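Student:
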Amino acid sequence: MTRRRRWQAAWRRPETRWAYLFLLPWILGFLVFTAGPMLASLVLSFTDYDVINPATYVGGENYQRMVEDPEVRTALFNTVLYTVIHVPLSIAIALALAVLLNQIGGRFAGFFRTVFYLPAMTPTVAVGVLFLLLLNGQNGLVNALLRLFGINGPAWTTDPDWVRWGIIIMSLWTIGGTIVILFAALKNVPNDLYEAARIDGAGAWRQFREVTVPMISGSLFFVTIVNTIASLQMFTEVYTMFYGNAQSELQASDSALFYVIYLFQQGFQFLEMGYASALAWGLFAIVLIVTLVQVKLGDRFVYYEGDDR
């Protein structure tokens, strides 16, 4: 049977038509709000467009400018550095907390799981404002706690050498989702594997390394990809902290300039929509390449149940 005949036979079934009917709102939403704007931005990336005047075709000038722009290199460096530090650190802390939750068990596990996840529900703008106060170099709570131990805390929000670390500390506020995912993965690890490992004389660390990590490697792979994509698109919290106040922006602009912030500035502050569209497609290419590399590497390190490799 040819592909066309198989399609015709499937379409004659009522459940197939009902399935497409229920999918129709999503398909229309995807075309109008995702695929359409993406196609429009791709076209705009080859133009000089300031919203007010008609777009003028400029070919690849926007992409050439993007490659030569030193601000793009600064923003990309800050974004990549943040991603390289934040993703492993957040996953390591989330995994440690998930293991502790798994050890607690009972009703208390549900309580602490809720406590750990609640910060992730905080609006991102509120998180930025909150940590702008917490990380204040003079009267912030973080430095006040450090002073209790005789440590003079740095100027987290104004010292260029510490701005990035302040952003990383702030980003740990929202690891609750990662904790819940890894906790669910730990719950699915069969106890028989731990019992067999103990019989073979494996200690706690070896059980974690040889049993726990391989069995939850799929979830670790998932949160690595998701957190990497989110880190490369970091915007709201940093913009709220450093670009809602003119003084902070002047003092920490280079260290707090992330890629999406620079994209936003070009598009909505300077109205260079063509250049902003080129920057957006540049970020899309970076995210796509990084994700493909992670998927390729994941084939080597991720264990799937029923996999004979």
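The sequence shown: position 15 = 15 (full-length UniProt numbering), numbered continuously.
The C-beta atom is built at its ideal place from N, Cα and C for all residues, glycine as well.
Since the structure is predicted, the reported quantities are computational estimates derived from the model, not experimental observations.
#1: Take Ala280 and list the residues in its own chain whose beta-carbon comes closer than 7 Å to its own, dropping the five residues that flank it on each side.
#2: Please report the straight-line C-alpha distance between Gly153 and Leu141, rounded to a whole angstrom.
#3: Using a Cβ distance threshold of 8 Å, determine whether the segment 223-230 contacts the segment 175-189, with at least three qualifying pairs required.
#4: Rounded to a whole number of angstroms, what is the C-alpha to C-alpha distance between Ala204 and Met121?
#5: Taking the C-alpha atoms as reference points, what is the distance between Arg13 and Arg6?
#6: Note down the Cα distance separating Ile289 from Val99, rounded to an integer number of angstroms.
#7: Where does Leu250 land, buried or exposed, given buried means 16+ other C-beta within 10 angstroms?
#8: Along the chain, where does the alpha helix (DSSP H) that runs through Asn102 open and close?
#9: So for Thr224, helix, strand or coil by DSSP?
#10: Thr236 and Gly128 - do their beta-carbons sit closer together than 8 Å?
#11: Return the CA-CA distance between Ile93 and Leu172, expressed in angstroms with no decimal places.
#12: What's the C-alpha gap between Trp162 and Thr124?
#13: Measure the Cβ-Cβ separation of Gly267 and Ala276 and say whether it is below 8 Å.
#14: Could you give the distance in angstroms between the alpha-carbon of Gly107 and the alpha-carbon of Arg113?
#15: Going by alpha carbons, who is nearest to Leu39 out of Asp299, Tyr303, Phe284, Val293?
#16: DSSP has Tyr57 in a bridge; who is on the other side?
#17: Buried or exposed: Trp156, going by 16 or more other Cβ atoms within 10 Å of its Cβ?
#18: Let's test the definition: count the other Cβ atoms within 10 Å of the Cβ of Asn188 and tell me whether it reaches 16, buried, or not, exposed.
#19: Alpha carbons only, please: which of Pro25, Lys296, Asn53, Asp254 is nearest the one belonging to Arg164?
#20: Which residue marks the beginning of the alpha helix (DSSP H) containing Val32, and which one marks its end?
#21: Do you know whose CA, among Pro160, Gly166, Ala126, lies nearest Asn143's CA?
#22: Run through the segment 94-165 for me and flag every whole alpha helix (DSSP H) of 4 or more residues, listed as ranges in chain order.
#23: Just to confirm the assignment, what range does the alpha helix (DSSP H) spanning Glu272 have?
#24: Do Val115 and Met273 count as a contact pair if the criterion is CB distance below 8 Å?
Tutor: Checking against the coordinates, here is how it stands:
#1: Taking the first residue of the sequence shown as 1, we reach residue 280 at position 280. The residues are Ser41, Leu263.
#2: In the sequence shown, counting from the first residue as 1, residue 153 sits at position 153. In the sequence shown, counting from the first residue as 1, residue 141 sits at position 141. Between the alpha carbons of Gly153 and Leu141 lies a gap of roughly 10 Å.
#3: yes
#4: By one-based count along the sequence shown, residue 204 stands at place 204. By one-based count along the sequence shown, residue 121 stands at place 121. Roughly 34 Å separates the two Cα atoms.
#5: Reading the sequence shown from its first residue, position 13 is the one you call residue 13. Reading the sequence shown from its first residue, position 6 is the one you call residue 6. Whole-angstrom Cα-Cα distance: 11 Å.
#6: Walking along the sequence shown from the start, residue 289 turns up at place 289. Walking along the sequence shown from the start, residue 99 turns up at place 99. Whole-angstrom Cα-Cα distance: 32 Å.
#7: Here the question's residue 250 lines up with position 250 in the sequence shown. Its pLDDT being 44, under 50, Leu250 is placed unreliably in this model, and the value from its coordinates should be taken loosely. By the 10 Å Cβ count, Leu250 comes out exposed.
#8: For the purposes of this step, residue 102 is taken as the residue at position 102 of the sequence shown. Element bounds for Asn102: 70-104.
#9: The residue you call residue 224 lines up with position 224 of the sequence shown. Assigned with DSSP and collapsed to three states, Thr224 falls in helix.
#10: Taking the sequence shown and counting its residues from 1, one reaches residue 128 at position 128. Taking the sequence shown and counting its residues from 1, one reaches residue 236 at position 236. Yes; because the gap between Cβ atoms is below 8 Å, this pair is in contact.
#11: Locating residue 93 in the sequence shown gives position 93, where the first residue counts as 1. Locating residue 172 in the sequence shown gives position 172, where the first residue counts as 1. Their backbone Cα atoms lie some 9 Å apart in a straight line.
#12: The sequence position of residue 162 within the sequence shown is 162, counting from 1. The sequence position of residue 124 within the sequence shown is 124, counting from 1. Going from the Cα of Trp162 to the Cα of Thr124 covers about 21 Å.
#13: Translated into the one-based positions of the sequence shown, residue 267 becomes position 267. Translated into the one-based positions of the sequence shown, residue 276 becomes position 276. For Gly267 and Ala276, yes; Cβs fall inside 8 Å.
#14: Translated into the one-based positions of the sequence shown, residue 107 becomes position 107. Translated into the one-based positions of the sequence shown, residue 113 becomes position 113. It is worth fixing the name first, because residue 107 is Arg in this sequence and not Gly. Rounded to whole angstroms, the gap between the alpha carbons of Arg107 and Arg113 is 10 Å.
#15: Stepping through the sequence shown from its first residue, residue 39 is reached at position 39. Cα-wise, what sits closest to Leu39 is Phe284.
#16: Taking the sequence shown and counting its residues from 1, one reaches residue 57 at position 57. Answer is Thr47, bridged to Tyr57.
#17: Counting from 1 along the sequence shown, the entry for residue 156 is found at position 156. Counting the other CB atoms within 10 Å of its CB gives Trp156 a total of 16 or more, which places it among the buried residues.
#18: Within the sequence shown, the letter at position 188 stands for residue 188. Its Cβ having fewer than 16 others within 10 Å, Asn188 is exposed.
#19: Numbered from 1 along the sequence shown, position 164 holds the residue referred to as residue 164. Of the listed residues, the one whose Cα sits closest to Arg164 is Asp254.
#20: As a working note, residue 32 is residue 32 in the sequence shown. Unbroken run through Val32: none, as it is neither H nor E.
#21: Reading the sequence shown from its first residue, position 143 is the one you call residue 143. Comparing Cα-Cα distances from Asn143 to each of Pro160, Gly166, Ala126, the minimum goes to Gly166.
#22: 106-117, 124-134, 141-148
#23: For the purposes of this step, residue 272 is taken as residue 272 along the sequence shown, with counting starting at 1. Glu272 -> no alpha helix (DSSP H), and no H or E assigned at all.
#24: Within the sequence shown, the letter at position 273 stands for residue 273. Within the sequence shown, the letter at position 115 stands for residue 115. By the CB criterion at 8 Å, Met273 and Val115 fall outside the cutoff.
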